[in-house]
Amino acid sequence: MAAGLSDMKHTLLMDKKMTFFRRCARQDLPALSEADIMEGLRYPVTDAGGTFEWDALRLAAAASGPLPYKMQRISHNAWKIAGAPKYPSDVQAVQEAVRMAEESFLEDLIRPAWHDLSKSERTFLEAVADLADEATPQRLAQRIDASPYTLAETEERLRSAGCLAGHANEALALTDLMPRDAVFKMTAAERRYRSRDSAVAGGSPNPPPEPVRRCGAHMPVAKARCVLPQGHAGGHRSGKRRRR
143 MAAGLSDMKH TLLMDKKMTF FRRCARQDLP ALSEADIMEG LRYPVTDAGG TFEWDALRLA
203 AAASGPLPYK MQRISHNAWK IAGAPKYPSD VQAVQEAVRM AEESFLEDLI RPAWHDLSKS
263 ERTFLEAVAD LADEATPQRL AQRIDASPYT LAETEERLRS AGCLAGHANE ALALTDLMPR
323 DAVFKMTAAE RRYRSRDSAV AGGSPNPPPE PVRRCGAHMP VAKARCVLPQ GHAGGHRSGK
383 RRRR
């Protein structure tokens, strides 16, 4: 709640004892701009008597993205590595600080967040990572075996959690909170088992299911068409239930 994460809409605000939160005025905060990040990096350092070299500051801001946690980790690591405030935070210190921040970001935030996701949410994110720039709702619906309602609900939850971005009916994209390479790392073990299953079966990984071709013969009495597969034995059958 203190962080103001948008996922509260599906957690805290759904609590039956917290209905007064639903009547509060809400405001979505914009993402941090590059100027915001540079200011957030520079002022705490200078206030503590240290300095940031200009190229190092730009590198740190670019690596932070819109994520306050990353900004804090990079600045803190660069301060320690450079030996500030006696020495300035230079490019070399920031480069090493970025590497350390990436590792801690994966272990401290991304991995726990991934394990908190449901199976359907993980499958959705993996599909977006695989499809890359072609992760449109239509392509995702072809790839994921779920109803349109479930897919739309899963997308909304992942958007609220900050894992997805993109406009409606256009390709979805993973965000800095759940980057593409991190999704591949999270699913690496499962993918190995899929490859083994495919090798035994002699097919490709995750082959799409073949669509069932219906007979479709007209049944005038039932005023319907046969729902059985093509080439079925015996008489035709409609999908309607008979009344007893």
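Our numbering numbers the first residue of the sequence shown as 143 and each following residue consecutively. C-beta atoms are modelled at their ideal positions from N, C-alpha and C, and glycine is treated no differently.
Integer Cβ distance of residue i from residue j, believed to fall under 8 Å
i      : j      : result
Leu316 : Val325 : 7 Å
Tyr211 : Leu251 : 7 Å
Val233 : Ala190 : Not really, about 20 Å apart at Cβ, beyond 8 Å.
Leu183 : Ala202 : 5 Å
Best match in the options for proximity to residue i [C-alpha to C-alpha]
i      : options                        : result
Lys327 : Ser380, Arg264, Arg299         : Arg264
Arg200 : Glu181, Thr188, Ser380         : Glu181
Leu293 : Gly304, Ala274, Leu267         : Leu267
Lys222 : Pro208, Met242, Ala203         : Met242
Arg322 : Val270, Ser302, Gln284         : Val270
Ala274 : Arg253, Gly308, Ser260, Arg299 : Gly308
Gly258 : Ser380, Cys368, Thr153, Gly146 : Note that residue 258 is Asp in the sequence shown, not Gly. When each option's Cα is compared against that of Asp258, the closest is Thr153.
Arg253 : Ala204, Lys159, Val236, Ala330 : Ala330
Arg301 : Arg336, Arg379, Met320         : Met320
Contact test: residue i Cβ vs the ligand GTP heavy atom, cutoff 7 Å
i      : result
Arg281 : The model on display carries no ligand, and the ligand GTP is accordingly not part of it.
Per DSSP, the bridge partner or partners of residue i
i      : result
Leu316 : Leu306
Phe194 : Ser231
Pair within 8 Å by beta-carbon distance, residue i and residue j
i      : j      : result
Glu195 : Pro230 : yes
Ser206 : Val187 : no
Asp318 : Pro208 : yes
Ala220 : Ala239 : yes
Ile179 : Met156 : no
Glu295 : Leu306 : no
Ala288 : Ser262 : yes
>> So, does the stretch 245–257 touch the stretch 273–282, judging by three or more C-beta pairs under 8 Å?
In response: Contact between the stretch 245–257 and the stretch 273–282 is absent, because fewer than three Cβ pairs lie under 8 Å.
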